[in-house]
Each structure stands twice: as structure tokens, then as C-alpha cells.
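In the working numbering, the protein residues as written are -6 to 359.
Using N, Cα and C, we set each Cβ at its ideal position, and we do this for glycine too.
Working notes, beginning with the structure itself.
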Amino acid sequence: MTQSNLPGLRPGAINFCWSYSKTYANVQEQIFDLIEAQLPPGTVSHSIEDAVAGAVNLSLFIRQGRELEDAHRVPADVILAHGIADKRYFFSQDSTTSLPLANEYDFLLVPGAWHVNRLIEGTYRKNPHYQIKVLESQIKKVGWLRLDPLVAEAKTRDQEPHHRLRLLWAPTHNVIPRTNEQTVDALAPSSLPGFKPHVKQMASRYIFRVSLHPRNRSDRKPTGSQLVWSDVVISDFGTMVYEAWALGKPVIFPRWAMDVETLINRNPLSAESYIYRNRIGLHPESLEEMQDMLDHIQNVLIGNRLTRLLKRVIRIKTNRKDASDLRGPGVKEFIAHYVDPERQGNDARRTAEVLVEIAHLDRYRN
């Protein structure tokens, strides 16, 4: 379906509400660009913080314009989270009223059935403390559009010789919430800084790269193509976990280098807590156990020691192998439930279609 197949929209019918956030400027640009590319020219407008009257206003931050102390009091109508990790995001409460912010949106765009079930049938819904009133008709499954360019890139031929396992450490940030970017310097729910002492050893054994979270790096850029480049990802509880699994990549959770107890207990009903409690995926308890896992994956994907030596000498370029079956127990079922695979690779288009559908409702046409 092309842009011309979308029902007609008036100019500026859809407005993207940008946040002042420097940390997520690149993420906002990527998401908004992906959606706008699927919409007819001239139908999208942009604003900083405040929504625009008469348009369908989309925000990527659930608190934007919603907090009582917020100087900008013109909030958006539709929320699409800037990241795909759960972290109880759609159950965020106003810091003053303690009421759920999700109730204040007309529509919630979510990646898959996991969020729908939790918002409509889950424990949070049944707990009167949270007072969730969102209706199922207000929740739209749209997959995860930031996967689109990664899915497309993963279909291309590998451009580098592949004689050792490619390992990417992509930790979630270790910034303490609401502390002006102060970081945890001891063991944290993130694998940063706990896994840092093992970096040199990993680099000597595998082809190793590090991609820090935008909040821990000066250029603020998201990981992007390095995820496609990798064979295996070491991570903890952020967007990288879900994107890697959706792309068929094994994710290793270095439990010995993390504060797992805090991760599980601070948001006990979150997807991340569920993953750790039920050991979905690969959960080594030591560096030695992790290396055994990595060596097994390397033998399957790259070959035994002799094969790897031969590949190194002749520098052969080969197609990427599917590692889906190496992701560990429970991943196949979980990720299909969490990120709707129905139109994977075309989720920006799917998101645009939902926004157009909303824009044609009477309340936005008048």
C-alpha cells in the first residue's frame, strides 16, 4: 500500500509533539521520520512540547504536558513510547495526584498483546490503587517501527569476513531517575558498570563492540546498525533486549554482574521482572558459564576452530545465519506475544495507518 492509498487528510491533520529532551533527540527524530515518510506530504506538523488544537497530537513521552508542575499544559492525544521496554511505563502515575497518566490519553499505541492484556486484564487493572480506566478500543497494536530499518538491513549480504563471533555489549543506562544524570557506580540493575571489568577479556576472545545507552554517551545516538552486525547481544532490561530477540539474536543476561534483586522487585509485574524470574533466554551466573554459552553459539554459527581459522585466512564473506533457535528457553513464544510479528518490517506503515484512522474520527475532523 502506498501513500496514495491512505484516506485523504487535511494539511496538518497529524502533529508530532517533540520533547526538549537532549538525551532522546535522535530517537525522536528517527521515530517521527519513519512515520512521516509513510504519510502524504503536508499532512504532518511539528511542535515543541505543546499540542496543536485540531490535530491528532502524538507524543513519545507519557509525562509530557501531563504533570501538574509542567510549564507546558497542552498535552498530546496519543502516546507511543519512545522505547519498547516495559518498565511499567504505561502505568506511570502523576507524581502529584498518583493517578495513572494513561487514563488521560485518547489512544495508546503498543507493540503487542502483552501490553493489551496487562492494561485490560492484568493485575494492575484489577488493583484499585492504580485506577486504570483505559478501554480496549483505545489500545492499538502497532508492532515496533524502529525495527523496520534493522529488518531491512538484516536481509542484505554481510559486508565483513566472519571468522569469530560478533559480540555486542549494549547495556541500559545506569542513571538514577530524577537525579540530574547521576549514575550508579556500584552494582546496578543495568549491566553497566558491573560487566565493564570483563570488556578486555571479551575483546581478546571474540569480535567485541560496546554500544552504551544514549544517556551514557555524548553523541546520544541509539545503537541502530550495530545490532544487525552482532551475532549475540549482552544486555539487561532495555529496548535492546526486545529488538535483539525480535531480530533472532540471542541475548545474554550477565546476572552475576547486575543487581538482579532490585531489577525484579522494583517493578515486580513488569515484563523485565517476568523475564528474570522465569529465566527467559540465556542467564549465566558466572563469566565461565557465559563463555561456555558463547563458545557453543560460535561453533554453531561460525564453525569449529579449524573452520574459523580457514575463514580467517581466506576472509570469506558469508550470509548471516539464523540464530533464532539459540536464543534460549521461552524466547520464541514470549517475543511473539510482546512484539506483534504480523507486519514486522512494516510497522512504521502500520503506525501511520492507525494515526490516519484516528484522524478521521469525528472529534478530530471538526
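Excluding residues up to 5 positions away in sequence, HIS75 lie with their Cβ nearer than 6 Å to the Cβ of TYR17 in the same chain. The Cβ-Cβ distance between MET251 and PRO322 does not fall below 8 Å. ALA48 is the residue among LEU303, ALA48, GLN291 whose C-alpha sits nearest the C-alpha of LEU348. Under the three-state reduction of DSSP output, ARG111 falls in the helix class.
Under the DSSP assignment, PHE201 falls in the beta strand (DSSP E) whose first and last residues are 200 to 203. Around the beta-carbon of GLY274, 16 or more other beta-carbon atoms lie within 10 Å, marking it buried.
In the DSSP assignment, PHE327 falls outside any beta strand (DSSP E) and lies within the alpha helix (DSSP H) extending over 324 to 331.
HIS39: member of the beta strand (DSSP E) spanning 37 to 41, first to last residue.
With 16 or more other CB atoms across the displayed protein chains lying within 10 angstroms of its CB, ILE125 is buried. DSSP, reduced to helix, strand and coil, places ILE28 within a helical segment of the structure shown. Between the beta-carbon of VAL135 and that of GLY338 there is about 13 Å, and that puts the pair past the 8 Å contact cut. Cβ-Cβ separation between TYR82 and LEU262: approximately 12 Å, too far for a contact (criterion under 8 Å).
With contacts defined by Cβ atoms closer than 8 Å, ALA44 and PRO68 form a contacting pair. Across the set ALA264, LEU101, TYR199, ARG208, the C-alpha of TYR199 shows the shortest separation from the C-alpha of HIS289.
When the five nearest sequence neighbours on each side are left out, the beta carbons in the same chain lying within less than 6 Å of the beta carbon of LYS304 are those of HIS156, in order along the chain.
In the structure shown, PHE100 falls within a strand segment according to DSSP collapsed to helix, strand and coil. Per DSSP, LEU2 lies in no beta strand (DSSP E) segment and is marked neither H nor E. Judged by DSSP secondary structure, ARG305 falls within the alpha helix (DSSP H) whose first and last residues are 298 to 307. Taking a C-beta distance under 8 Å as the contact criterion, PHE9 and LEU51 qualify as a contact pair. PRO93 carries a strand assignment under DSSP once its states are collapsed to helix, strand and coil. Note that the C-beta distance between ASP151 and ARG308 is not below 8 Å. Straight-line measurement puts the Cα of SER218 at about 26 Å from the Cα of LEU302. Under the 10 Å beta carbon count, ALA352 is surrounded by 16 or more other beta carbons and is classified as buried. Closest by C-alpha distance to LYS193, out of TRP222, LEU160, ARG342, is LEU160. Across the set LEU354, THR344, ASP355, ARG358, the C-alpha of THR344 shows the shortest separation from the C-alpha of LEU27.
Taking C-beta separations shorter than 7 Å and ignoring five residues to either side along the sequence, the partners of MET283 in its chain run ILE245, PRO247, PRO277, following chain order.
Distance check between PHE25 and each of LYS15, PRO33, PRO34, TRP11 places TRP11 closest, using alpha-carbon atoms only. In the DSSP annotation of this structure, LEU185 is not part of any alpha helix (DSSP H), being labelled neither H nor E.
With distances taken between CA atoms, MET286 lies nearest to ILE227 out of ILE227, PHE84, HIS166. Less than 8 Å divides the Cβ of HIS330 from the Cβ of ALA106. In this model, SER40 and GLN23 are separated by some 16 Å (Cα to Cα). A Cβ-Cβ separation of about 13 Å leaves GLU254 out of contact with PHE230 under the 8 Å criterion.
Across the set MET195, PRO121, LYS80, the C-alpha of PRO121 shows the shortest separation from the C-alpha of SER91.
Residue state for VAL349 is assigned as helix, using DSSP reduced to three classes. Secondary structure of VAL67 (DSSP, three-state): coil.
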